[in-house]
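For the record, in the sequence shown the residue sitting at position 314 is 307 according to our numbering, with numbers rising by one throughout. One structure is given below, encoded as structure tokens.
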Amino acid sequence: MRKVLILVVCLVAASGAALALKWDEMFGDSDPVRKVGRVDTSVAPPLPDVVQEKIPVHAILARTRRGTKSNITKGVADALQTLAIEAKLDISKLNILARQKKVHFDALIEMEGIELFSVEDIEALGETGAVDKGLLKTILRDKQVPLEAIKALGKIGTIPSQYVGPFEVIAEAGQLPLDEFHVIGDQLMIETDRLLAGTRPIRAIEVTDKSGDHIRIDRDEASGRWTIPSRFGAPATYERMRMVCRALDGLGRSESRGRRASRHSVYEVDGDDGMRVRLEDEQGETVVDLRVGKQDSSNNRSYRTTGNFVRPVGSDVVYRHPRSLITLAQARYNIWVDLRYVDYDYETVNTMVQQLQKITLEYDDVKTGPDLPNAENQREHSGERKRFVLECAETERPAADQTSGPAKPQLPGEGDTVRTWAYVEPEALKSEELHTPMVDNIARLILNGRKEDIVGIDPDNEKYGFETPLIDVTMTFDDGKSYVFKIGARIPVEGAMPAHLVHSRYATLSGDPFVLKVSEHTCTTLMKRPSDFKDPGQRGPDRRGLKPGSVVPSGRPKILDPEERKADDGKKKADDGKKKADDGKKKADGDKKKADGDKKKADG
């Protein structure tokens, strides 16, 4: 009995110790250090007041703008200001206006100065002919009001007429960074990717992750970009830096949680090794150097409200930062550096492709990419220098055939002309018909392309092989501007490269000071053949340049030359005829057998 009692006492003591260690995780803000009053945290010094810069929406017009911010003109800024400040509209709910030309119903009915209306009232506009009924088919299901219905509501005074114009302007503006806007007082503000400590700009951010990787990101005020010194001053991605600024915003509002060093392991801020974030001002002085601990997900906090425990290096005080610092959890440079060939958004690339006037493509027709085990699967290479010069011209769009079927609607962006590519070189191919999207794809491969790494800033160095490039692409646009993309020598590797892996090569793009590292998969994709410029629906099965009779790696049927295809088609036709005859004979035999059975049954 005594042993049992001792065992029970030990279990109770162990449970109490475990509960004490896990108290913070189980009860969150109920910090035992604060609760029992062993430490007065009210005298803990606040962390520096680090905030993300927010400026009036019209002030963004004077700054270098990228991405969706480039769509903000003065007219767009005026429209956003009117709806956000005067109409008290939550402009984040305009996220479908540019794409679908619709606005969420609940956003409209919350506006200032409107007459209350219902979905049925909007459907009634279709009955009166004020709005096309076809536009209102899904309004009851989706609760999304078409722009045409908003115009109609403005005409009858349900929505103040001064608000209708701004909706139209925003609908035509393209994609906008609606999640970056904030109403502060009587002004509409927009986030930037700058950090301020009071009035001091943050000039540098240093991040060390749990694995010991370290990265420094500097702010270049002249260009308005964050750059990475360890990668030759290459720019960091705007989206990541914006998320970093959001994560560090409000650092001064962090709540102190205690100052006992014995509790540091509970918050995972013990020692100076581990995840750290250091901010530096313009004079190179440290603004704050934080040891970042675990996330605080207590009290059923959601992902958006989950904060991180932090401790200034050199201090014992632990704070709870109100925002998650997961964005700063990794210091590997490749998730920070902007690896795009060009700093253009999707819409800009589409516009540039429409303005293409000439493409010159030259390459050495040699093998690139991995060594496949079956030699028969290899594309044939002549070893010669290939050269294609293609020019684009606008011609009158052919009239649609309206003799049968419904009228074909004009697609968005279609005008009275159509872009058509034609060969300039080689002479022998001038009569060949080219498929415009397949030619445009050359430009898209470059304008939308991504590099593997940045390996230098001296493209004139002979070791890169740009004097005699493997691939040389020149794209000329109708405004006279041009881009030259060159892929040079293969990047040496230590030891033998495994057969299934792909080598990389040096590359350069005109106007870019960096030497790029690109995969040989990029080379293979750019080494176009005449068959690659044809309509995929009209190309033969030998479009990949494979030897007749070879087997494609994916297991598709073997590639046949024209004579073999003709013979194969004849054989298939004969086989089908024989099978049909056999089926007919079997059916006749079955009918005869059935008739004989019926006769025997009748005779019996």
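Ideal placement from N, C-alpha and C gives every residue a C-beta, glycine not left out. Given the structure is predicted, the values throughout are model-derived calculations rather than measurements.
Exercise. What are the boundary residues of the beta strand (DSSP E) that leucine 502 is part of?
Worked result: Taking the sequence shown and counting its residues from 1, one reaches residue 502 at position 509. Run containing leucine 502: 497 to 502, per the beta strand (DSSP E) assignment.
Problem set entry | DSSP state of histidine 314 mapped onto helix, strand, coil | Residue 314 sits at position 321 when you count from the first residue of the sequence shown. Looking at histidine 314 - three-state DSSP - the assignment turns out to be strand.
Exercise. Looking at the structure shown, is aspartate 309 part of a helix, part of a strand, or coil, going by DSSP?
Worked result: Residue numbering aside, residue 309 sits at position 316 when the sequence shown is read from its first letter. Here aspartate 309 sits in coil by DSSP.
Exercise. Taking just the CA atoms, how far does arginine 218 sit from proline 399?
Worked result: Within the sequence shown, numbered from 1, the residue matching residue 399 stands at position 406. Within the sequence shown, numbered from 1, the residue matching residue 218 stands at position 225. With a pLDDT of 49 at proline 399, under the threshold of 50, the predicted position of this residue should be treated as unreliable, though the coordinate-derived value follows. Approximately 52 Å, taken between the alpha carbons.
Exercise. Are the beta-carbon atoms of lysine 62 and proline 170 separated by less than 7 Å?
Worked result: Here the question's residue 62 lines up with position 69 in the sequence shown. Here the question's residue 170 lines up with position 177 in the sequence shown. Cβ distance < 7 Å, so lysine 62 and proline 170 count as in contact.
Exercise. At what residues does the alpha helix (DSSP H) containing glutamine 93 begin and finish?
Worked result: The residue given as residue 93 occupies position 100 in the sequence shown. Counting along the chain, the alpha helix (DSSP H) containing glutamine 93 begins and ends at 90 to 93.
Problem set entry | Pairwise C-alpha distance: leucine 109 and valine 511 | Within the sequence shown, numbered from 1, the residue matching residue 511 stands at position 518. Within the sequence shown, numbered from 1, the residue matching residue 109 stands at position 116. Rounded to whole angstroms, valine 511 to leucine 109 spans 58 Å at the Cα level.
For this session: State the Cα-Cα distance for the pair threonine 57 and glycine 488, rounded to the nearest angstrom.
Result: Position 64 of the sequence shown, counted from the start, is the residue given in the question as residue 57. Position 495 of the sequence shown, counted from the start, is the residue given in the question as residue 488. Each residue's alpha carbon lies about 46 Å from the other.
Exercise. Counting along the chain, where does the beta strand (DSSP E) carrying arginine 271 start and finish?
Worked result: Reading the sequence shown from its first residue, position 278 is the one you call residue 271. Here the beta strand (DSSP E) through arginine 271 covers 269 to 274.
Exercise. DSSP state of isoleucine 143, grouped into three classes?
Worked result: As a position in the sequence shown, residue 143 is number 150, starting the count at 1. In this structure, isoleucine 143 counts as helix in the three-state DSSP scheme.
Exercise. Any idea if aspartate 242 is buried or exposed, counting beta-carbon neighbours within 10 angstroms, 16 or more meaning buried?
Worked result: In the sequence shown, the residue the question calls residue 242 occupies position 249. Looking at its Cβ environment, which holds 16 or more other Cβ atoms inside 10 Å, aspartate 242 is buried.
Problem set entry | Stretch-stretch touch, CB-based, cutoff 8 Å, three pairs: the region 370 to 385 with the region 492 to 510 | no
For this session: Can you give me the start and stop residues for the beta strand (DSSP E) that glycine 481 sits inside?
Result: Your numbering for residue 481 matches position 488 in the sequence shown. It spans 475 to 483 - the beta strand (DSSP E) in which glycine 481 sits, taken as one unbroken run.
Exercise. Alpha carbon to alpha carbon, how far is arginine 134 from valine 303?
Worked result: Here residue 134 refers to the residue found at position 141 when the sequence shown is read from its first residue. Here residue 303 refers to the residue found at position 310 when the sequence shown is read from its first residue. Each residue's Cα considered, the two are about 47 Å apart.
Problem set entry | Residue nearest to leucine 283 in terms of C-alpha spacing, selected from Thr201, Ala581 and Thr518 | In the sequence shown, counting from the first residue as 1, residue 283 sits at position 290. The candidate whose alpha carbon is nearest that of leucine 283 is Thr201.
Exercise. To which residues of the same chain is glutamate 275 closer than 8 Å at the C-beta, ignoring the five residues directly before and after it?
Worked result: For the purposes of this step, residue 275 is taken as the residue at position 282 of the sequence shown. Cβ neighbours of glutamate 275 beyond the five flanking positions: Arg193, Pro194 and Arg196.
Exercise. Whose C-beta lies closer than 6 Å to the C-beta of glutamate 199 among residues of the same chain, with five residues either side of it excluded?
Worked result: As a working note, residue 199 is residue 206 in the sequence shown. Same-chain partners within the cutoff: Arg209 and Arg271.
Problem set entry | Where glycine 106 falls, given that 16 or more other Cβ within 10 Å makes a residue buried | Position 113 of the sequence shown, counting from 1, holds the residue named residue 106. Exposed, by the Cβ-count rule.
Exercise. Does the beta-carbon distance from valine 359 to asparagine 441 come in below 7 Å?
Worked result: Mapped onto the sequence shown, residue 359 falls at position 366. Mapped onto the sequence shown, residue 441 falls at position 448. Not in contact: valine 359 and asparagine 441 (Cβ atoms no closer than 7 Å).
Exercise. Is DSSP giving isoleucine 450 helix, strand or coil here?
Worked result: Along the sequence shown, read from residue 1 onward, the residue named residue 450 stands at position 457. Coil, per DSSP.
Exercise. Can we say the region 316 to 328 touches the region 462 to 480, given the rule of at least three CB pairs closer than 8 Å?
Worked result: no
Problem set entry | glutamine 74 burial status per 10 Å Cβ neighbour count (16 or more: buried) | For the purposes of this step, residue 74 is taken as residue 81 along the sequence shown, with counting starting at 1. Under this definition glutamine 74 is a buried residue.
Exercise. What's the call for asparagine 64, buried or exposed, on a 16-neighbour Cβ count within 10 Å?
Worked result: Translated into the one-based positions of the sequence shown, residue 64 becomes position 71. That one is buried.
Problem set entry | C-beta contact flag for valine 124 and alanine 91 at 7 Å | In the sequence shown, residue 124 corresponds to position 131, counting from 1. In the sequence shown, residue 91 corresponds to position 98, counting from 1. No; because the gap between Cβ atoms is not below 7 Å, this pair is not in contact.
Exercise. Asparagine 88 to alanine 100, Cα distance in whole Å?
Worked result: Stepping through the sequence shown from its first residue, residue 88 is reached at position 95. Stepping through the sequence shown from its first residue, residue 100 is reached at position 107. Each residue's Cα considered, the two are about 11 Å apart.
For this session: List the whole-angstrom C-beta distance separating phenylalanine 225 from alanine 77, where the pair is believed to meet the contact cut-off of C-beta under 8 Å.
Result: Locating residue 225 in the sequence shown gives position 232, counting from the first residue. Locating residue 77 in the sequence shown gives position 84, counting from the first residue. About 41 Å; that fails the 8 Å criterion.
Problem set entry | Identity of the residue in Lys565, Gly205, Thr151 and Asp338 nearest glutamine 168 by Cα | For the purposes of this step, residue 168 is taken as residue 175 along the sequence shown, with counting starting at 1. Per the Cα distances, Asp338.
For this session: Examine the Cβ distances between the region 172 to 191 and the region 228 to 243 and report whether three or more of them are shorter than 8 Å.
Result: yes
For this session: Could you check if glycine 264 is buried or exposed, using at least 16 other CB atoms within 10 Å of its CB as the buried criterion?
Result: As a working note, residue 264 is residue 271 in the sequence shown. The residue is exposed, with fewer than 16 neighbouring Cβ atoms inside 10 Å.
Problem set entry | Distance between beta carbons of isoleucine 163 and alanine 72, contact taken as under 8 Å | Within the sequence shown, residue 72 is the residue found at index 79, counting from 1. Within the sequence shown, residue 163 is the residue found at index 170, counting from 1. That belief holds up - the Cβ atoms of alanine 72 and isoleucine 163 are roughly 5 Å apart, short of 8 Å.
Problem set entry | Unbroken beta strand (DSSP E) run spanning phenylalanine 470, endpoints | Within the sequence shown, the letter at position 477 stands for residue 470. Per DSSP, phenylalanine 470 belongs to the beta strand (DSSP E) from 464 to 470.
Exercise. Tell me, which residues are paired with proline 194 by DSSP?
Worked result: Reading the sequence shown from its first residue, position 201 is the one you call residue 194. BP columns for proline 194 point to Leu189.
Problem set entry | Same chain only: Cβ atoms within 8 Å of leucine 140, ignoring 5 sequence neighbours per side | Stepping through the sequence shown from its first residue, residue 140 is reached at position 147. The answer, listed in chain order, is Leu90, Lys94, Lys95, Val96, Phe160, Glu161 and Ala164.
For this session: Buried or exposed for asparagine 301, please, with buried defined as at least 16 other CB atoms from any protein chain shown within 10 angstroms of its CB.
Result: Residue 301 sits at position 308 when you count from the first residue of the sequence shown. Asparagine 301 should be labelled buried.
Exercise. The alpha helix (DSSP H) spanning glutamine 155 covers which residue range?
Worked result: Translated into the one-based positions of the sequence shown, residue 155 becomes position 162. Run containing glutamine 155: none; DSSP gives neither H nor E here.
Problem set entry | Helix, strand or coil at aspartate 591 according to DSSP, with G and I counted as helix | Walking along the sequence shown from the start, residue 591 turns up at place 598. Correct three-state label for aspartate 591: helix.
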